[in-house]
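Novice: Numbering (mature numbering (1 follows the signal peptide of the UniProt record, and there is no 0)), first residue to last: -25 to -1, 1 to 787.
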Amino acid sequence: MKRGHRSYRVRMALAVSCAGLLSCAGILGIDDLPEQSGSGTTVTFVSGTAQSGEVGKELAQPLVAEVHDANGAPVSGRSVTFTATAGGGYFLSEVTALTDPQGRAQTRWVLGPGQRNEITADAEGAKATATATATHPWQLGIFAGRPVGRMFRDGSAEDARFGDPSALAVGADGKVYIGDILGDTIRRFDPATKQVTTLAGLPGVGATQNGVGSAARFVSPYGLTFDGSGRLIVASTYANKIARVDLGNNEVTYFAGTGVAGTNASDTDVSRANFNVPYALDWDAKRNVVYVLENGNHDIREIDLTTSRVTTLAGNAGAPPEFRDDVGTAARFNYPMGITHDDQKIYISDRGNCRIRVLDHDSRTVTTLAGGGSVACTYVDGADGVTSGLVAPANITYAGGALYVTDRDAHSIRRVDIATGAVTTIAGSPPSAGAPKFGAKDGPGAEALFFRPHGIAPTPDGNALYVGESGGTDVRRVELKPPYNVTTVAATAVVPTDGDARTEAIFSSPRGIALIGGKLVIGEDQGNDIRALALATNRVQRIAGRADENFGTRDGAGNVAEFAFPVAMAADEAEGVVYVSGGDQRIRKVKVDTGDTTSIAGKEWERSFADGVGIAARFTDIGAFALDAKARKLYIADAGNHRVRVLDLATRAVTTVAGSVAGHRDGPGADARFSLPRGLALKDNVLYVSDTGNHVIRRIELDGKGSGTVSTFAGVPTKAATIDGRAAEAQFQAPWSIALDGDLLYVADVFSNALRRIHIPSATVSTLVGGPGGIGPSPATMPQKPAFLQVRPGGEVLFTSEVENVVFRLGP
């Protein structure tokens, strides 16, 4: 065996056993062996190997590689390229050098946070690898929050975790099928084995794709039902398509919807049908049709499984959301959310109108069953439909001759009598003094506490209900005989909690983070609030937003202000505020000390594009901010509009810096093209942009006149992979949040499941932690989809993920 081949095998064995780890002790100094190319050329590290030192410090000796020809003679003038392959360090000299007359080339290396640092020398195919040791390597762990709530984990009922189990359907076998909305997956709870498994989809990877198991893709699967063949029908809600899942082999096949948000003027074939947020599904065995409730079109449609035709039954997609009992397309709904049926009628939970509506299939007549009159949208148990009130009826199901509704914002389970419309509460506590009671408590129905119950489905025998809690991120069971006992059957019911960051605090999808005034400010995507961790005392406290996680758009004092899925965030130390944006498409500022919240640009819920002043500006899915404190300008990654924009904080005028339509093109201002830019970092007059859809990092050389010239700095446009090395050849997979610490640009590389770093002067990319497979160091595994990060002085990285429910730390 040639020595070069042995070196290759040793390195491969190490790569398998230590892939992605920051700690692989006891295996240093054995890789600096020559590898022979096909021409007989060999490369050997002859100096500087097996050194050790502190993270962030340059090795005492340069690394020297020597190139020999097939006869063992040194080769001068040969190009040697140095590449970092593990450890996260970076070069202080050129990564490509020519050998001197002794056949030698060298490089200077700064130790990365991994205990084992690796550097490979490549001389036109011949390679050798050197190692160095960080004596105090960094560790990855949980910085704040208890590891419960919104996470993703299969396993036993107690250990399992959900992102958002808002959709439920129970099979004839009694197994509970769960649409995990934030996880973009279909999961199953087996009451017999008490195990939770994932059947189809990949956690947090939203798309529409046929395939088997984890090869398939969904986007927020809210609607679930079964057809006559026992297949699960799934609405990929925000992709506007509908699929079948064969439960024999977990094969997913999309069969209805073009994926274009819209409707059709007349009946059409399933393959040509346009849907708009198909939110709930219900199969009618008598007619062999699937009813499709469209939250975006405010209507009810059906798919005839025999003829493959789609027909609108009631509501008009072209009309605004409102309330009207009438016939067919003359009827009006307001963001309906749930649908079920019995032998006679179809029943709809009309959330925006706070009513339960009835649709006669044959006549297409729509009437109101419950929640009308003067008590609409209030919590009232009443003897008939006029005197009863519901707060926010979400999903609805039929069992044992009655309707059962998850009244989500009232945190309760309500029963609706089909004959009279009478509403009673079977589980959950009625509001006290006008304020809802919510929590995580099992027991008799009147004593149990829920937290935003959403999905609901009966057992096959009709004796109980399963309930999926959007807030509590668990699955519970409600018996349908007094005293209506409630038990938690899968995951652990939780409620967001302030307190000590590590022992008490519970978050609800922490996303955007910002460091300001000795605090880490956190935007909670599902908690719909802003919380702050005082770094000196380790205490977490909500500073703005509602305590019950319900979203809204109101400005005002901290305990009055409301938020809608806040994610983008930037700190302004001079003003003592953080700038925040989320699903409501506005830019707002929040005083960190008081929580006082003010809107400064954009109009609530308006997703479009317009430059303008204050409320006249329009945005679509802001991904990030970068503040120029001296110039009082806030740069904006307007992801949905594929632009980088700027807000003048003095005048509140919004203008476009660069970008126009989706694509990839370097160049000045509007000539440039981005695809979903979601991260920003500002250094002097250079704005770095994570161009997420193109899988690259871009640079904008700002011209001081509100525009700039765009170039590609790191990554290969449209090529997605996890490859380190020279910036022009390295690859990323959906780089998201970015942050600067001196000459180091940190990158949350979402689909690589990795934190990566670019040394700007040498333009080299290295992986700090994670990588293919999402493997991370002890004591915690690398979280899935790291998305938002901040860097403290010295390189300590704080970050959140799209799937996990805590704040992580990578540092000394």
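All C-beta atoms, glycine included, are put in the ideal place defined by N, C-alpha and C.
1) Can you list, in chain order, the residues of its chain with a C-beta nearer than 8 Å to that of residue 236? Leave out the 5 residues immediately preceding and following it.
2) Output the distance between the C-alpha atoms of residue 570 and residue 623, rounded to the nearest integer angstrom.
3) Is the beta carbon of residue 683 closer than 9 Å to that of residue 644?
4) Starting from residue 761, trace the beta strand (DSSP E) both ways and give me its first and last residue.
5) Taking a contact to mean a Cβ-Cβ separation below 9 Å, would you say residue 314 touches residue 391 in this structure?
6) For residue 762 and residue 79, what's the separation of their Cα atoms in angstroms?
7) For the beta strand (DSSP E) holding residue 488, just list the boundary residues, first then last.
8) Classify residue 605: buried if its beta carbon has 16 or more other beta carbons within 10 angstroms, exposed otherwise.
9) Can you tell me which of the three DSSP states residue 782 falls into?
10) With respect to the beta strand (DSSP E) encompassing residue 703, which residues constitute its N-terminal and C-terminal limits?
11) Report the partner residues of residue 296 according to the DSSP bridge assignment.
12) Rounding to the nearest angstrom, what Cα-Cα distance links residue 229 and residue 209 in this structure?
13) For residue 394, which option in 277, 620, 344 has the closest C-alpha, if you only look at C-alpha atoms?
14) Express the C-alpha separation of residue 84 and residue 630 in angstroms, rounding to a whole number.
15) Quick test of the definition: if touching needs 3 or more C-beta pairs under 8 Å, does the segment 166 to 176 touch the segment 216 to 227?
16) Count the other C-beta atoms from every protein chain shown that fall within 10 angstroms of the C-beta of residue 436, then say buried if there are 16 or more, exposed otherwise.
17) Buried or exposed, going by whether 16 or more other CB atoms sit within 10 Å of the CB of residue 512?
18) What does the Cβ neighbour count give for residue 73, buried or exposed, with the cut at 16 atoms within 10 Å?
19) Which class does residue 373 belong to by DSSP, given the choice of helix, strand or coil?
20) From residue 322 to residue 633, what distance separates their C-alpha atoms?
21) Rank 475, 542, 478, 279 by C-alpha distance to the C-alpha of residue 505 and give the top, closest one.
22) Helix, strand or coil: which one does DSSP assign to residue 393?
23) Within a Cβ cutoff of 8 Å, which residues of the same chain sit near residue 553, ignoring the five residues on either side of it in sequence?
24) When the Cα of residue 132 is compared with those of 452, 369, 710, which residue comes out closest?
25) Below 8 Å, can you find three or more Cβ-Cβ pairs linking the segment 373 to 393 to the segment 419 to 435?
26) How about residue 461 and residue 143: do their beta carbons lie closer than 9 Å?
27) For the segment 290 to 297 against the segment 346 to 356, are there 3 or more C-beta pairs whose distance is under 8 Å?
28) For the beta strand (DSSP E) that residue 564 lies in, which residues bound it at each end?
29) Is residue 246 near residue 283, with beta carbons less than 9 Å apart?
30) Measure the C-alpha to C-alpha separation of residue 120 and residue 138 and round it to an integer number of angstroms.
31) Ordered along the chain, which non-local residues of its own chain (more than five positions away) have a Cβ less than 8 Å from that of residue 7?
32) In whole angstroms, give me the CA-to-CA distance for residue 670 and residue 573.
33) Can you check the segment 143 to 202 for any beta strand (DSSP E) of at least 3 residues that lies completely inside it and give the ranges in chain order?
34) Which same chain residues end up closer than 7 Å to residue 647 when comparing Cβ atoms and leaving out the 5 residues on each side of it in sequence?
35) What are the partner residues of residue 718, as DSSP defines its beta bridges?
36) Quick check: what's the CA-CA separation for residue 769 versus residue 716?
Specialist: Taking the definition as stated:
1) So the qualifying residues of the chain are 215, 249, 250, 251, 252, 271.
2) Each residue's alpha carbon lies about 23 Å from the other.
3) Yes, these two residues count as a Cβ contact at 9 Å.
4) Start and end: 761 to 766.
5) Not a contact, by the Cβ cut-off of 9 Å.
6) Straight-line spacing of the CA atoms in residue 762 and residue 79 works out to 42 Å.
7) Annotation: the continuous beta strand (DSSP E) that includes residue 488 extends over 485 to 491.
8) The residue in question, residue 605, is exposed, as its Cβ has fewer than 16 Cβ neighbours within 10 Å.
9) For residue 782, the three-state secondary structure derived from DSSP is strand.
10) Looking at the DSSP string, residue 703 is not in any beta strand (DSSP E), and its letter there is neither H nor E.
11) The partner list for residue 296 (beta bridge, DSSP) is empty, contrary to what the question assumes.
12) If I take the Cα positions, the gap works out to 9 Å.
13) Taking only the C-alpha atoms, the option nearest residue 394 is 344.
14) Straight-line Cα distance between these residues: approximately 42 Å.
15) Verdict: yes, contact present.
16) When all chains shown are included, residue 436 counts as exposed.
17) Classification for residue 512: exposed.
18) Classification for residue 73: exposed.
19) DSSP, reduced to helix, strand and coil, places residue 373 within a strand of the structure shown.
20) Across the structure, residue 322 and residue 633 are spaced so that their CA atoms are roughly 49 Å apart.
21) In terms of CA proximity to residue 505, 542 leads the group 475, 542, 478, 279.
22) It is coil, neither helix nor strand.
23) Answer for residue 553: 489, 491, 496, 505, 544, 545, 546, 547, 564, 565, 567, listed in chain order.
24) Out of 452, 369, 710, 452 has the C-alpha closest to the C-alpha of residue 132.
25) Enough Cβ pairs lie closer than 8 Å, so yes.
26) One thing to note: residue 461 has its Cβ no nearer than 9 Å to the Cβ of residue 143.
27) Contact between the segment 290 to 297 and the segment 346 to 356 is absent, because fewer than three Cβ pairs lie under 8 Å.
28) It spans 562 to 566 - the beta strand (DSSP E) in which residue 564 sits, taken as one unbroken run.
29) Yes, they are a contact pair.
30) Between residue 120 and residue 138, the alpha-carbon positions lie close to 16 Å from each other.
31) Below a pLDDT of 50, predicted positions are generally treated as unreliable, and residue 7, at 44, falls in that range; the measurement from the model is reported next regardless. Excluding positions up to five away in sequence, the list reads 19, 20, 24, 25, 103, 104, 105, 106.
32) Each residue's alpha carbon lies about 34 Å from the other.
33) Entirely contained in the segment 143 to 202, the beta strand (DSSP E) runs reaching 3 residues are, in chain order, 151 to 155, 160 to 165, 170 to 175, 198 to 201.
34) These residues qualify, in order along the chain: 633, 634, 640, 641, 685.
35) DSSP output for residue 718 lists no bridge partner at all.
36) Looking at the two C-alpha atoms, the distance is approximately 8 Å.
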